[in-house]
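For reference, the structure discussed in these notes is given below.
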Amino acid sequence: MQQQQKTTGARKKNGNTTISDLASIALFLAAFGAAWQVVYLAGFFPEQSLPSPISVAQSFADLSSAGSLGAGVAVTMGRLAAGFAISVAIGGAVGLAMVRFKDFGKTMSSFSVGLQSFPSIAWVPFTILLIGFNDFGILFVMVISSVFSVMMSTYSGIRNIPPIYMRAARNMGADGFVLFRHVMLPAATPTLIIGLRQAWSFAWHALVGAEILISLVGLGHILSVGRELGNMGWIMATMIVIFVIGMVVDRVIFFKLEERIRSRWGLNQHAD
């Protein structure tokens, strides 16, 4: 009975939290739209440089009715899913190898930190000459920009497991894959989630930047066409779509996953 009450209370709390989050987002968007309209009416910038919210909404409707926006979102999200999956697979495998082989781990960790700070857009000219103007080039820019976050989070997450966990598990007979599956992986999960969230952010940034310069379809390509045509309405409408997609993916997937892991580990008790 007591457990049922706790579960009901947790559901109510999560529901209230969701409503509060939505209300906060709506309030922020309303304030942003109002400030935008005030700046537009004040005439600080010419209309060609800063169109009104209504004009941008019309551009959004035009892109949607023409099918350009829907096709761009579909292509961009497909590339994002493929590139991020490749980054997770490669980064996780190399991260485990870094843990297994200590000398390789020390060398690769320094190498990875250096490349993590490398701007993703700087890979584009190299990629164009090496691979060309195609989807493989875009995937390469995405993977090279995000794989090192996964790699380092895997390496650091497993290396920072408290030794007492490992000794206790071995004393109880755990070894090999059982030790990895039931002790090492759960203990490293909080760090891994943070690394995945960071890798997703890097991949998203790299994808849009690469699409602007390489792709002939996608959200980045719409930005590029809007720039060439001097159509600020198209540019701002696409930027809003990019922002909304980034916010929704982070909030719905990574934030919820991180909160669930934190709750399971008892890291949210300070907020109770």
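Last residue of the sequence shown: 818 (our numbering), numbering continuous. Each residue gets a CB set at the ideal place from its N, CA and C atoms; glycine is no exception.
- Contiguous beta strand (DSSP E) elements confined to the segment 734-766 do not occur, taking only those with 3 or more residues.
- Positions of the beta strand (DSSP E) runs, each at least 3 residues long and wholly inside the segment 677-703, cannot be given because no such run exists.
- Looking at A639, L775, I799 and G579, the one whose alpha-carbon comes closest to that of Y701 is A639.
- Three or more beta-carbon pairs separated by less than 8 Å are not found between the segment 676-690 and the segment 723-735, which leaves the two stretches without contact.
- CA-to-CA, the gap between F679 and A756 works out to about 10 Å.
- In this chain, the alpha helix (DSSP H) harbouring Q604 covers P599 to A612.
- At the C-beta level, V621 and V787 stay beyond 8 Å of one another.
- Secondary structure at I707: coil, using DSSP grouped into helix, strand and coil.
- In this structure, G741 lies near S699, with their beta-carbon atoms less than 8 Å apart.
- For A720, no alpha helix (DSSP H) segment is defined, and its DSSP state is neither H nor E.
- Assigned with DSSP and collapsed to three states, E805 falls in helix.
- A distance below 6 Å between beta-carbons, with the five flanking residues on each side excluded, links E805 to no residue of its chain.
- Per DSSP, the continuous alpha helix (DSSP H) segment holding A783 begins and ends at M778 to V795.
- A residue is called buried once 16 or more other Cβ atoms fall within 10 Å of its Cβ, and V634 is buried on that count.
- Classified as buried, V696 has 16 or more neighbouring CB atoms from the shown chains inside 10 Å of its CB.
- One Cα belongs to M654, the other to L642, and the distance between them is close to 12 Å.
- Bounds of the alpha helix (DSSP H) holding M654 are K648 to Q662.
- Note that the segment 659-669 touches the segment 745-764; at least 3 beta-carbon pairs, one per stretch, sit closer than 8 Å.
- In the three-state scheme derived from DSSP, where H, G and I count as helix and E and B as strand, S595 is classed as coil.
- Setting aside the 5 residues that flank it on each side, S614 is surrounded in the same chain by I768, each with a C-beta closer than 7 Å to its C-beta; the list follows chain order.
- If you draw a 10 Å sphere on the C-beta of R773, you find fewer than 16 other C-beta atoms in it, and that means exposed.
- The residue among W780, V795 and V794 with its C-alpha nearest the C-alpha of I600 is W780.
- With a threshold of 16 other beta carbon atoms within 10 Å, L762 falls short and is exposed.
- Residue nearest to L731 within the set I791, Y711, K802 and A572 is Y711 (criterion: CA-CA distance).
- Here L685 is not near I636, since their CB atoms are 8 Å or more apart.
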